[in-house]
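Going line by line, the protein sequences match chains G and C.
Residues in the first sequence are numbered from 3 upward in steps of one, following my numbering.
Residues in the second sequence are numbered from 451 upward in steps of one, following my numbering.
Note that the Cβ used here is the ideal one computed from N, Cα and C, for glycine as well.
On a predicted model such as this, the values are computed, not experimentally measured, just so you know.
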Amino acid sequence: MINVTVEMNLPWLPRKTVRLTLAQGSTITALLETLGIDRQMARHITTAVNGRIRLAEDPLSEGDRVLVLPILCGG
Amino acid sequence: MKKLLRVNLKKLTAKYEDLPEGYRLLSGRSLTSRIVFDEVSPLADPLGPQNKLVYACGLLAGTGLSSAGRLSVGAKSPLTGGIKESNAGGIAAFKMARLGIRALVLEEQADSGQYLLIVDKNGPRLEPANNLAMLGVYEKATRLYSIYGPRIGAIMIGPAGERRQLAAGITNNDPGGTPTRYCGRGGLGAVMGSKGLLAVVLDDSGVRPEPAVRPDQFNSKIREIAKWIKETPQTAEVFPKYGTAAMLSNTNAIGALPTRNFSRGTFEGAEKINGYAVHQTITSRGGEGAATHACMPGCLIRCSNIFPGKEGKPVVSPLEYETIGMVGANCGIDDLDTIAHINRLCNDYGVDTIEVGCALGVAMEAGLISFGDSGAALRMVEEIGRDTILGKLLASGVAIAGRVLGVLRIPAVKGQGIAAYDPRAMKGTGVTYATSPMGADHTAGNTARANTRHDLKDHKVSLSKDSQLGAVFMDSLGLCLMLGACLKNREILAGLVADRFGWNVTLDDFTRVAEDTLALEKEFNLHAGITSAQDRLPEFFYHEINPDCGAVFDIFDEEMGK
């Protein structure tokens, strides 16, 4: 099992930080499912792991800090 | 929208022409670039009489479609030395469309004096405007409203444009009359100033716009896009509530937020200036502030805002991500009030906040003032308005300011300051900065929305190419890039044009327009002396690691040429 810290920074949901325990080798997809984020919503989300944007299929590791963000561009 | 208005500042004539048949599908950026390509020598002095300044609206401007009223301005840029297009929201494009004008071309230069162009239902005319000379933009707008009424569209330059300073932009007004929707990049305000034209007044009162040829189908598609806007979290919740400032949390999280002249990518003061902070400040102060605001008539996304001071009076509108990034984090400033006041000053003087933010950053690196010294930064920007030697230096842009001050780390490409995305952390956008004919322009192909590992180089060249094409596509229809967040397909856009004008057009036609536009922009630049040798970032990005993303920019010339 691995323990990760997740900060939810989606402006349309309450901001919160949670600690999750996931199966070894869990991907970001699995993390989002655990958080109750469905595929429809996942299309609008990007995920930074330890300060780097990572993709849905990327695996997580023990101690990872995950930040869930909306996909945006600025102006 | 079949008319082209040609204005000669030497002969003091203003005449309508029919838009050439070959320009039928062109609008916005595709039209400004095509006219510049066809009519301006790539070797022309950008501030001389042979350059032309072109304003254009999009094919869907002046209708009920949300976010379709961007004003494009194009010319040979005095900042980059190449072709340039810069666009902004506001109401000018809406008014142009209502008046049936697709493009307005300024030629030659006034022999003496300053002028004002007025366009109304009776036609265009030039009037002397020496009484408006050297007024700040806010006062200039107030005077124009007092003479021509509060509902006009007004395109203006500030004193920086009149002085032909390279950071000068061109502004137009929003539906509430605030005159600060800036076509900021590329020094196009200096081109307008070189012509001797201070403002364009667009009065569409008494004009009956042409209805769509197929109104039912047209309106049905408008309603479909409105539904998409409301169903997409970014356009329904994030942008209306937090504006573009919401981007700051994203860039800060991945080390892409320029901090202290690009020496870092994460700012310790980010929580004080991010989208949440902007929203909280506006809503807690109340008064005349507004956390959500439409910069164009009918925009449903409403990503703009009105930032108030502590007493609730408006200080600046909008306060956006780029300014917060470049005047804030890039200068080590974590105070929204300072950033807002600097923004207001820049708007009044008529200069680009990205360029000034970059220039302030190098001035701080040179030790003129300290990073994070809000008061000193404000006083330095005030020198632009007083036209001191230091003010002239800042208003000349980061490339010149950096060289004069002896700074080695100058964040500019093709002479234009880099925007608020560190290319080491966001490599696709870095490729755009390097290869876009527009210079270091994030709006010319930002890859921030892509589902990709931004800090790795894989596929970033192709991603940038696709993003650049996407940007040209949207710019060439006069559409706001924010609309791109919710569009489920682009066929609907071609369908809207077909329904409005009764044309037989498809998406492929407009894709080809975008491809042709990018190609001719590159060709113009080649003949202007801008080769692939200039398609690169400042050297320090290649060897100086951004400590917050752990990377250098490692995509080299031969890779970008593919």
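Asked, Found
"I'd like to know whether the C-beta atoms of I30 of chain G and D66 of chain G end up nearer to each other than 7 Å.", "no"
"Please report the straight-line C-alpha distance between E761 of chain C and T733 of chain C, rounded to a whole angstrom.", "12 Å"
"Could you give the residue range of the beta strand (DSSP E) that holds E1008 of chain C?", "Counting along the chain, E1008 of chain C falls outside any beta strand (DSSP E), though it belongs to the alpha helix (DSSP H) covering 1007-1010."
"If you measure from the beta carbon of H909 of chain C to each beta carbon in chain G, is any gap under 7 Å?", "no"
"For P72 of chain G, is the classification buried or exposed, using 16 other Cβ atoms within 10 angstroms of its Cβ as the cut-off for buried?", "buried"
"Determine the direct distance from the alpha carbon of S527 of chain C to that of S63 of chain G, and round the result to whole angstroms.", "50 Å"
"Cβ closer than 8 Å: which chain A residues qualify as neighbours of Y692 of chain C?", "Any reference to chain A falls outside this structure, whose protein chains are G and C."
"Which same chain residues end up closer than 7 Å to F951 of chain C when comparing Cβ atoms and leaving out the 5 residues on each side of it in sequence?", "V663"
"If distances are taken between C-alpha atoms only, which option among C:D488, C:E989, C:I485, C:N896 comes closest to A706 of chain C?", "C:N896"
"What number of angstroms, rounded off, separates the C-alpha of D1013 of chain C from the C-alpha of L652 of chain C?", "This structure cannot speak to residue 1013 of chain C, because chain C is shown only from 451 to 1012."
"Here's a check: name, in chain order, each residue in its chain whose Cβ is nearer than 8 Å to the Cβ of A494 of chain C, leaving out the five neighbours to either side.", "Q500, N501, K526"
"Where N537 of chain C and G634 of chain C are concerned, what is the direct C-alpha to C-alpha distance, given to the nearest angstrom?", "8 Å"
"If I measure Cβ to Cβ from I704 of chain C and keep anything under 6 Å in the same chain, skipping five residues before and after, which residues do I get?", "A875"
"Establish whether the CB of I850 of chain C and some CB of chain G are separated by less than 7 Å.", "no"
"Helix, strand or coil for D495 of chain C per DSSP?", "coil"
"Can you tell which of C:E989, C:I839, C:N901, C:S516 has its C-alpha closest to the C-alpha of A44 of chain G?", "C:N901"
"Using a Cβ-Cβ cutoff of 9 Å, what residues of the region 918-940 of chain C are near chain G? List them in chain order.", "C930, L931, M932, G934, A935"
"Can you tell me whether D785 of chain C is helix, strand or coil according to DSSP?", "coil"
"Evaluate the contact criterion for the region 612-619 of chain C versus the region 838-847 of chain C: three or more CB pairs, one atom per stretch, below 8 Å.", "yes"
"Helix, strand or coil for T23 of chain G per DSSP?", "strand"
"Identify, in the order they occur along the chain, each residue of the same chain with its Cβ nearer than 6 Å to the Cβ of S754 of chain C, setting aside the five sequence neighbours on each side.", "H743, C745, P768"
"Does P683 of chain C get closer than 7 Å to chain G when you measure Cβ to Cβ?", "yes"
"Taking only three categories from DSSP, how would you classify G825 of chain C?", "helix"
"Cβ of A869 of chain C versus every heavy atom of the ligand MN: is any distance shorter than 6 Å?", "Among the components of this structure there are no ligands whatsoever, and the ligand MN is therefore not found."
"According to the neighbour-count rule (16 or more other Cβ atoms, all chains shown, within 10 Å of its Cβ), is K1026 of chain C buried or exposed?", "Since the first residue shown for chain C is 451 and the last is 1012, residue 1026 of chain C is missing from the structure and cannot be characterised."
"Taking Cβ-Cβ distances shorter than 7 Å, what residues in chain G pair up with H904 of chain C?", "I55"
"Counting pairs of Cβ atoms below 8 Å between the region 772-790 of chain C and the region 716-730 of chain C, do you hit three or more?", "yes"
"Ignoring anything shorter than 3 residues or poking outside the region 706-731 of chain C, list the beta strand (DSSP E) runs there in chain order.", "none"
"Identify the contact partners of C999 of chain C in chain G, using a Cβ-Cβ distance below 8 Å as the criterion.", "G53, R54"
"On a Cα-Cα basis, can you pick out the residue from G:L74, G:Q42, G:I39, G:L37 that is closest to I55 of chain G?", "G:L74"
"Can you look up Y466 of chain C in the DSSP assignment and give me helix, strand or coil?", "strand"
"So with CB distances below 9 Å, who are the chain G contacts of G705 of chain C?", "G53, R54"
"Can you pull the chain G residues whose beta carbon is under 9 Å from the beta carbon of R899 of chain C, in chain order?", "T48, I73, L74, C75"
"My assumption, with CB atoms under 8 Å, is that K460 of chain C sits in contact with Q559 of chain C. Please give the rounded CB distance.", "6 Å"
"To the nearest angstrom, report how far apart A741 of chain C and E965 of chain C are at their CA atoms.", "37 Å"
"My guess is that N622 of chain C and I605 of chain C are in contact by the Cβ rule of under 8 Å, so how many angstroms apart are they, rounded?", "5 Å"
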